[in-house]
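**Q**
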Amino acid sequence: MKKTWFFDLDNTLHNASHAVFQFMDGQINRFVEVRLKVDSHQADRLRREYWMRYGSTLQGLIKHHGITATEYFASTHCFDVRPLLKFERGLVPRVLRIRGKKVLLTNAPHVYSKSVMLALDLEHRFDAHIALDHMQFYGVYAPKPSRRMLLRILAKHKIRPANAILVEDSPVNLKAAKAIGMKTVLVRGFTRYAVRKKGSYLSPHSAPNFGRPFYVDYCVHSVGQLHRI
Ligand SMILES: [Mg+2]
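For the sequence shown, counting from 1, position 163 maps to 488 in the working numbering; every step adds exactly one.
1) Pick out whichever of His-435, Ala-480, Leu-443, Pro-470 has its Cα sitting closest to the Cα of Asp-458.
2) What distance in whole Å lies between the Cβ atoms of Arg-472 and Ile-423, which are believed to be in contact at a cut-off of 8 angstroms?
3) Rounded to whole angstroms, what is the Cα-Cα separation between Tyr-518 and Ser-342?
4) Between the Cα of Asp-335 and the Cα atoms of Met-474, Ser-495, Glu-448, Arg-372, which residue gives the shortest distance?
5) With a threshold of 7 angstroms, establish whether the CB of Val-438 neighbours any heavy atom of ligand 1.
6) How far does the alpha helix (DSSP H) with Val-497 in it extend, from its first residue to its last?
7) According to the Cβ coordinates, are Leu-475 and Ala-502 closer than 8 angstroms?
8) Below 8 angstroms between beta carbons: does that hold for Tyr-466 and Gln-384?
9) Please classify Phe-346 as buried or exposed, where buried requires at least 16 neighbouring CB atoms within 10 angstroms.
10) Could you spell out where the beta strand (DSSP E) holding Ile-490 opens and where it closes?
11) Taking the C-alpha atoms as reference points, what is the distance between Lys-362 and Gly-415?
12) So, using beta-carbon positions, are Leu-430 and Phe-451 closer together than 8 angstroms?
13) Just checking my contact of Asn-432 with Pro-468 at CB under 8 angstroms: how many whole Å lie between their CB atoms?
14) Could you tell me whether the region 398–407 touches the region 349–367, where touching means 3 or more Cβ pairs closer than 8 angstroms?
15) Sort out for me which residues DSSP pairs Lys-508 with in a bridge.
16) Which residue marks the beginning of the beta strand (DSSP E) containing Val-428, and which one marks its end?
17) Ala-399 by DSSP, collapsed to three states: which one?
18) Roughly how far, in whole angstroms, is the beta-carbon of Lys-411 from the beta-carbon of Ala-344, given that I think they are within contact range, below 8 angstroms?
19) So, Thr-329 versus Lys-426, is the Cβ gap smaller than 8 angstroms?
20) DSSP three-state label for His-552, please.
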């Protein structure tokens, strides 16, 4: 049976901790500052607080301030990613060596994920592209690690969980995938980069530890090692 690989985007296919996350944080802070009429310190505090509490700043802004996703993404995620991107050498041939269907599964909005995938020259090499915009139940966002959303995506694409593999840098998402019967691969290289690079972005959901959690089937440094699995 053909395997289907579900790939996360940020810090899985490229090194978002190098410059993209820092730039995006600045964009979000400025948006919060202007839109909520708060100073830069308050804006930064709110961005972090909502991100920690809800998994994304946007969900806090929707819940507490009536901000719309369209308005938020237009102000924070529409920028030229090309000068900020960093990724492993030979990424395209390395990804193409992986046998099976390839699907992008990212919690980022499509306007951003598409621009990154185009810049990586991967957009037209994947079989499907699932972004945050496509993860809604009755108008409410249900991104990873929603098990319900993962099951719905598998059902829609007629894929049995045992034939699906999630490739991710975020253990919390891998834990959810494992719980519904998917195989899991933890990508660690860019998280380790973020730990080493002082002041760089590190998600509270990332895994700087060195052991292999029970819900992770394989650990790799980068997606370039996946063809060995
Ligand atoms: Mg990620």
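Quick reminder that beta carbons are idealized off the backbone N, C-alpha and C, glycines included.
Note that the structure is a prediction, hence the values are computed from the model and not measured.
**A** Judging by the given coordinates:
1) Residue 458 sits at position 133 when you count from the first residue of the sequence shown. With distances taken between CA atoms, Asp-458 lies nearest to His-435 out of His-435, Ala-480, Leu-443, Pro-470.
2) Locating residue 423 in the sequence shown gives position 98, counting from the first residue. Locating residue 472 in the sequence shown gives position 147, counting from the first residue. Contact annotation, Ile-423 with Arg-472: C-beta distance approximately 25 angstroms; criterion of less than 8 angstroms not satisfied.
3) The count along the sequence shown starts at 1 and reaches residue 518 at position 193. The count along the sequence shown starts at 1 and reaches residue 342 at position 17. Their backbone Cα atoms lie some 8 angstroms apart in a straight line.
4) By 1-based counting over the sequence shown, the position of residue 335 is 10. By alpha-carbon distance to Asp-335, the top candidate from Met-474, Ser-495, Glu-448, Arg-372 is Ser-495.
5) On the sequence shown, residue 438 is found 113 positions in, with the first residue counted as 1. Residue identity check: residue 438 is Ser in the sequence provided, not Val. Proximity of the beta carbon of Ser-438 to ligand 1 is not indicated: no heavy atom of the ligand is located closer than 7 angstroms.
6) Sequence index remark: in the sequence shown, residue 497 carries index 172 (1-based). Per DSSP, the continuous alpha helix (DSSP H) segment holding Val-497 begins and ends at 496–504.
7) As a first step, residue 475 is located in the sequence shown; it is residue number 150 there, counting from the start. As a first step, residue 502 is located in the sequence shown; it is residue number 177 there, counting from the start. The Cβ atoms of Leu-475 and Ala-502 lie closer than 8 angstroms to each other.
8) If you number the sequence shown from 1, residue 466 lands on position 141. If you number the sequence shown from 1, residue 384 lands on position 59. The answer is yes: Cβ separation under 8 angstroms.
9) Against the sequence shown, residue 346 aligns to sequence position 21. When all chains shown are included, Phe-346 counts as buried.
10) As a first step, residue 490 is located in the sequence shown; it is residue number 165 there, counting from the start. For Ile-490, the enclosing beta strand (DSSP E) stretches over residues 489–493.
11) Counting from one through the sequence shown, the residue named residue 362 turns up at place 37. Counting from one through the sequence shown, the residue named residue 415 turns up at place 90. Taking the CA atoms as reference points, Lys-362 sits about 45 angstroms from Gly-415.
12) The sequence position of residue 430 within the sequence shown is 105, counting from 1. The sequence position of residue 451 within the sequence shown is 126, counting from 1. Not in contact: Leu-430 and Phe-451 (Cβ atoms no closer than 8 angstroms).
13) Locating residue 432 in the sequence shown gives position 107, counting from the first residue. Locating residue 468 in the sequence shown gives position 143, counting from the first residue. At roughly 4 angstroms, the Cβ-Cβ gap stays under 8 angstroms, so Asn-432 and Pro-468 are in contact.
14) The answer is yes - the region 349–367 touches the region 398–407, with three or more Cβ pairs under 8 angstroms.
15) Position 183 of the sequence shown holds residue 508. Residue pairing by DSSP puts Lys-508 in a beta bridge opposite Ile-490.
16) Along the sequence shown, one-based indexing puts residue 428 at 103. For Val-428, the enclosing beta strand (DSSP E) begins and ends at 426–430.
17) Position 74 of the sequence shown, counting from 1, holds the residue named residue 399. DSSP, reduced to helix, strand and coil, places Ala-399 within a helical segment of the structure shown.
18) The residue labelled residue 411 in the question sits at position 86 within the sequence shown. The residue labelled residue 344 in the question sits at position 19 within the sequence shown. About 7 angstroms separates the CB atoms of Lys-411 and Ala-344; that is less than 8 angstroms, so the two are in contact.
19) Along the sequence shown, one-based indexing puts residue 329 at 4. Along the sequence shown, one-based indexing puts residue 426 at 101. It is a contact, given that the beta carbons lie within the stated cut-off.
20) Indexing the sequence shown from 1 puts residue 552 at position 227. Helix.
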